[in-house]
Structure formats: structure tokens, C-alpha cells
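Asker:
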Amino acid sequence: MKICDKLAARQTFSFEIFPPKGELPLETAYAVASEMAADRPDWISVTYSAGGSGNSANTVPIAASIERDLGVTALAHLTCLGSERADVDAYVAQLEAAGIDNVLALRGDRAPGREARDFAHASDLVAYLRERGTDLCIGAACYPEGHVESPTEEESFRALYLKQEAGADYLVSQLFFDNEDFYRFREKCLRHRVRLPIVAGIMPFTSVKQIQRMAFTCGASIPAKVVKRLVLAGDDPADQARAGIEYACEQLADLAANGVDGLHVYSMNKLSVAHAAREALLACGYLEA
Ligand code: FAD
66 MKICDKLAAR QTFSFEIFPP KGELPLETAY AVASEMAADR PDWISVTYSA GGSGNSANTV
126 PIAASIERDL GVTALAHLTC LGSERADVDA YVAQLEAAGI DNVLALRGDR APGREARDFA
186 HASDLVAYLR ERGTDLCIGA ACYPEGHVES PTEEESFRAL YLKQEAGADY LVSQLFFDNE
246 DFYRFREKCL RHRVRLPIVA GIMPFTSVKQ IQRMAFTCGA SIPAKVVKRL VLAGDDPADQ
306 ARAGIEYACE QLADLAANGV DGLHVYSMNK LSVAHAAREA LLACGYLEA
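To convert, take the position in the sequence shown, counting from 1, and add 65; that gives our numbering.
1) Going along the chain, which residues of its own chain have a beta-carbon closer than 6 Å to the beta-carbon of residue 236, five neighbours each way excluded?
2) Opposite residue 327 in the DSSP bridges: which residues?
3) Given a threshold of 16 other Cβ atoms within 10 Å of its Cβ, counted over all protein chains shown, does residue 244 qualify as buried or as exposed?
4) Does the beta-carbon of residue 219 have 16 or more other beta-carbons within 10 angstroms, so that it is buried, or is it exposed?
5) DSSP on residue 282, reduced to helix/strand/coil?
6) Of all the CB atoms in chain C, is at least one closer than 8 Å to the CB of residue 219?
7) Short check: CB of residue 194 to CB of residue 167, under 8 Å?
8) Distance, Cα to Cα, residue 190 vs residue 93?
9) Would you kindly work out how many angstroms separate the C-alpha atoms of residue 83 and residue 153, rounded to a whole number?
10) Tell me whether residue 134 is buried or exposed, calling it buried when 16 or more other Cβ atoms sit within 10 Å of its Cβ.
11) Looking only at its chain, what residues have a beta carbon closer than 6 Å to the beta carbon of residue 304, apart from the 5 residues adjacent to it on each side?
12) Can you round the beta-carbon distance between residue 145 and residue 175 to whole angstroms, since I take them to be within the 8 Å contact cut?
13) What residue range is occupied by the uninterrupted alpha helix (DSSP H) comprising residue 170?
14) Do residue 125 and residue 159 have their CB atoms nearer than 8 Å?
15) Is residue 287 helix, strand or coil when you go by DSSP?
16) Sorry if obvious, but does the Cβ on residue 182 come closer than 7 Å to a heavy atom of the ligand FAD?
Put into C-alpha cells, the structure is as follows:
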């Protein structure tokens, strides 16, 4: 089922997983997805890695198994930096063959040797997908604190407007640790004529190291209240992870109370994160048992 139809019908709840790294068997991802499916998310998204440690060839098989074997809607990510139209055609053919209705159209991060070929921006990918007459429901990324490369706020919103005009159906946000950033962003979207549904993305921090990496790679700022939680949690990794999950659950409950279009949990492959998020959203009445 298309995610845009779900978003039109109700506030959604979704998870994200990544394909196993290195030589790990695909079965590890199937097992994680199967456990997450028991929490009845509206969809599970599967990330795409154009290089490095990930394996982009596994995105569609995992998404296909989520749809076919678990009966849960799958969202397959796709990055376009360094790709040609033929690569995108081949990917879409795989999605269609697997009965997957949803794609998240992304540019991907810049990396040495990954130069733009047929696509410079995510909006080019969205436009190409529409041009070739795809019936896929297309999501795109947005950034409550602005994209790290955007020199100005104006440029950041212009990029979103271009994705909307190219034919994106909805947006999923980058992680953020202060909900006020998201609320301000949502208002500004309207002022910049960006009217797509916006799914808020939340990632629980699970360690000091991880949150530092996130802040650097995504440009997400770390508010003092998060630093305090980490200081209070002390040096024990389990306490740090507990503090991160608790904080994320509070963020989710607050977003739920403030009328979001959808909540996406960057659960990655952590079942404890997925289950805790569901419990928090059941407790605040966003989800029904
Ligand atoms: P774009 O929309 O192309 O934006 C990139 C930069 O270019 C921005 O600064 C934007 O302002 C600017 N820009 C856009 N259009 C124009 C234009 N026409 N003229 C001038 N400047 C322009 N990465 C992965 O590798 N795999 C994943 O699976 C993945 N999943 C993600 C899921 C979500 C929800 C999010 C938020 C991010 C994800 N990413 C993923 C990371 C993403 O690839 C990076 O954030 C990347 O740097 C930008 O991707 P984008 O699609 O937002 O690019």
C-alpha cells in the first residue's frame, strides 16, 4: 500500500532498518524486521548505501521480504549521487517486480569519487521518477535544522519546494533532539509553500559517542537538556542507552500531542528501541492496542 494513502488516512508510526553490514547474512535483517513487524508499524523503511560498509544490493530483497513474508508495507530508500538513469531504471524494475509501492528518493552524502552523473539533487531523481511515469509513492528527506550543506535557510526551503514541485508525495525529517526545532520548521514550510505531509524522524541516542557522531554528520544540535541526561546517566553504556531511549520516548509523546502527520523511529536494527517507542505511543494514546 502507498504511504501517501496511509498519511491521508491517519497519523502514522514507522520504523527503519539497515541491511546487514559486511558478510553478515541477510537473515539477520529478516529476523529484526520480523520482530519489528509484531509492533504493527505502518511501514518499515530499508536504507540504501551507495558505498562504504553497506550493501545497496540488499535493500530491495529485504524490503520485498517485509512486504511478502511479513505483510507490512516497505519503503525502499534510493540515493542517486553517482548514478545514471539506467541504474534508476533497473532499481525501479526491481521494486515493481517485488510489488513495492514506496521509494524514498535521496541524493546521498558526498564522498570522495562519488560525483554527480545524471542526478545532482534529490529533486532531479524525483523528477526523473515522475517523468518515466512511475506509479510509485515517492518520499523525500527534509531537515528541521537545515541541511548541513545549505548555506542559507532560504536555500534549504527552496530545495524542499523543488522536491514538492517535482512530484514528491511526503517528507520524512532528519533526526532532531529539540522538538521546538521541528515545530518552527513545520511553520516555516508553510511560509515557503511546502505543503507536503511531514513525518517526524526521531533517533534515540544510545551513547555519548553515537550522539557526537550524529551531531557531526547530520548537523543536529545537542540541547543542554540532552547533555544533562547524559551526564546524569554516567559512564555505564547501558545507562546511557536507557537515558537516550527515555528521552526519545518523551520527544515522541510530545510530538504526538502536537498533531504530527506521522512519527518515524530511526530504530535502525535495535529491537529495544522499536518496542520502547511503541510502548510510549500506546501510553500517550497515539497508538491503539
Ligand atoms: P538534496 O535534496 O539533493 O539536498 C542536498 C543539498 O543540496 C542540500 O543542502 C540542499 O539544500 C541542496 N540542494 C538541493 N537541491 C538544490 C538545487 N536545485 N540547487 C542548489 N542546491 C540544492 N543517505 C543514504 O546514503 N542512504 C539512506 O538510506 C539515507 N536515508 C535517509 C533518510 C532520511 C529520512 C534522511 C533525512 C536522510 C537520509 N540519508 C540517507 C542521508 C541523505 O542522503 C543526506 O542527508 C544527503 O546529504 C542529502 O540528501 P537529500 O536527498 O536531502 O539531498
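Beta carbons: idealized from backbone N, C-alpha and C, even for Gly.
Answerer: Taking the geometry as given:
1) In the sequence shown, counting from the first residue as 1, residue 236 sits at position 171. Result list for residue 236: 205, 207, 261 and 263, in chain order.
2) In the sequence shown, counting from the first residue as 1, residue 327 sits at position 262. Partner(s): 77 and 264.
3) Residue mapping note: residue 244 aligns to position 179 of the sequence shown, counting from 1. So residue 244 counts as buried.
4) The residue labelled residue 219 in the question sits at position 154 within the sequence shown. Residue 219 is exposed by the Cβ-count criterion.
5) As a position in the sequence shown, residue 282 is number 217, starting the count at 1. Residue state, collapsed to three classes: helix.
6) The chain labelled as chain C is not found in the depicted structure, where only one protein chain is given.
7) Your numbering for residue 194 matches position 129 in the sequence shown. Your numbering for residue 167 matches position 102 in the sequence shown. Taking 8 Å as the Cβ cut-off, residue 194 and residue 167 do not qualify as a contacting pair.
8) Here residue 190 refers to the residue found at position 125 when the sequence shown is read from its first residue. Here residue 93 refers to the residue found at position 28 when the sequence shown is read from its first residue. Whole-angstrom Cα-Cα distance: 30 Å.
9) On the sequence shown, position 18 is the one that residue 83 refers to. On the sequence shown, position 88 is the one that residue 153 refers to. Roughly 20 Å between the two C-alpha positions.
10) In the sequence shown, counting from the first residue as 1, residue 134 sits at position 69. Its Cβ having fewer than 16 others within 10 Å, residue 134 is exposed.
11) Numbered from its first residue, the sequence shown carries residue 304 at position 239. Correct list, in chain order: 298.
12) For the purposes of this step, residue 145 is identified with residue 80 of the sequence shown, where counting begins at 1. For the purposes of this step, residue 175 is identified with residue 110 of the sequence shown, where counting begins at 1. Contact doesn't hold; Cβ gap of about 12 Å is too wide.
13) Within the sequence shown, the letter at position 105 stands for residue 170. That residue, residue 170, is in no alpha helix (DSSP H); its beta strand (DSSP E) goes 167-171.
14) Residue mapping note: residue 125 aligns to position 60 of the sequence shown, counting from 1. Residue mapping note: residue 159 aligns to position 94 of the sequence shown, counting from 1. Yes, the Cβ-Cβ distance between residue 125 and residue 159 is below 8 Å.
15) Here the question's residue 287 lines up with position 222 in the sequence shown. The answer is coil: DSSP assigns residue 287 none of H, G, I, E or B.
16) Along the sequence shown, read from residue 1 onward, the residue named residue 182 stands at position 117. No, since every heavy atom of the ligand FAD falls outside the 7 Å radius drawn around the Cβ of residue 182.
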